[in-house]
Amino acid sequence: MPLDPRISEIELVNQCIQQDRTAQRNLFEKYKKAMFNTSYRILNDHEHANDALQEAFIEVFRDLKTFRMESTLGAWIKIIVVRKSILKFKSEQRFEIYDQRQHDQGAEWPSDLTGEYLDKAIRSLPIGYRTVFTLIEIEGYSHKEVAEILGISEGTSKSQLYHSKKLLQEKLKDIYKA
């Protein structure tokens, strides 16, 4: 059943809090694609991204009564999805030591870079690099926020971003050669 455009976000939230299954389905349908894409960018695995999405929406529906409307509902859900996705790979984290000198160097990108090539290169990054790159460059989080979400220092976040960009440069060169 498609979401009734006349229902406001506040009404939808209130209906979900009242355990209205139709409203819950509508909320899930409204956000599932964008939230799956966020999770998939982090995990690079359909099955794990679906698992994280399911776990996130369980938490969303359980904790919706705590949503204070200080941000958009989508932003609030995205934070939960990101955290659940990160929990999926927490045991596989590989972070390198931060070196300020390396961080200050820029990265260069091919002038004819397409989204398809970039997406392929991002998905091939090691999980720690991919996660930090996705959270900062795609999702717009700050190094401070990423550090809090991942339980790492801001310096490690900066280092991971730097190394991810350098590795992306190498991978893009390889992809363009192929």
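Just so you know, we're using this note's numbering here: the sequence shown kicks off at 339 and counts up by one. For every residue, glycine included, the Cβ atom is placed at its ideal position computed from N, Cα and C.
Residue i to residue j, Cα distance in whole Å?
i: Ile345; j: Gln356; result: 15 Å
i: Ile418; j: Val398; result: 7 Å
i: Ser462; j: Thr469; result: 11 Å
i: Ser491; j: Leu473; result: 15 Å
i: Asp358; j: Glu367; result: 14 Å
i: Ile396; j: Thr410; result: 19 Å
i: Leu381; j: Glu349; result: 33 Å
i: Thr376; j: Ser423; result: 9 Å
i: Glu486; j: Lys496; result: 13 Å
i: Phe405; j: Lys482; result: 23 Å
i: Arg400; j: Thr494; result: 33 Å
i: Glu408; j: Leu488; result: 23 Å
i: Val420; j: Gly412; result: 12 Å
i: Trp414; j: Leu425; result: 17 Å
Just to check my reading of the structure: residue i and residue j have Cβ atoms closer than 8 Å, yes? What is that Cβ distance to the nearest angstrom?
i: Leu391; j: Lys416; result: Contact doesn't hold; Cβ gap of about 11 Å is too wide.
i: Ile465; j: Phe427; result: 5 Å
i: Tyr467; j: Gln507; result: Their Cβ separation, rounded to whole angstroms, is 12 Å, which puts Tyr467 and Gln507 out of contact at 8 Å.
i: Val484; j: Leu402; result: About 25 Å; that fails the 8 Å criterion.
Go through its chain and collect everything with a Cβ distance to residue i's Cβ below 6 Å, but skip five positions before and after it.
i: Gln353; result: Ala361
i: Tyr479; result: Leu473
i: Glu347; result: Leu411
i: Ala372; result: none
Can you find the residues in the same chain that come closer than 8 Å, C-beta to C-beta, to residue i, ignoring five residues on each side of it along the sequence?
i: His384; result: Tyr378
i: Ser579; result: Residue 579 lies beyond the residue range present for the chain, which begins at 339 and ends at 516; the question has no answer from this structure.
i: Phe374; result: Ala387, Asn388 and Leu391
Residues in its own chain within less than 7 Å of residue i by CB, not counting five upstream and five downstream?
i: Glu393; result: Lys422
Runs of 4 residues minimum, wholly inside the region 346–429: which ones carry the alpha helix (DSSP H) assignment? 347–355, 359–381, 384–401 and 411–427
Just to confirm the assignment: which complete alpha helix (DSSP H) runs, minimum length 4, are found wholly within the region 451–494? 453–461, 465–471 and 481–488
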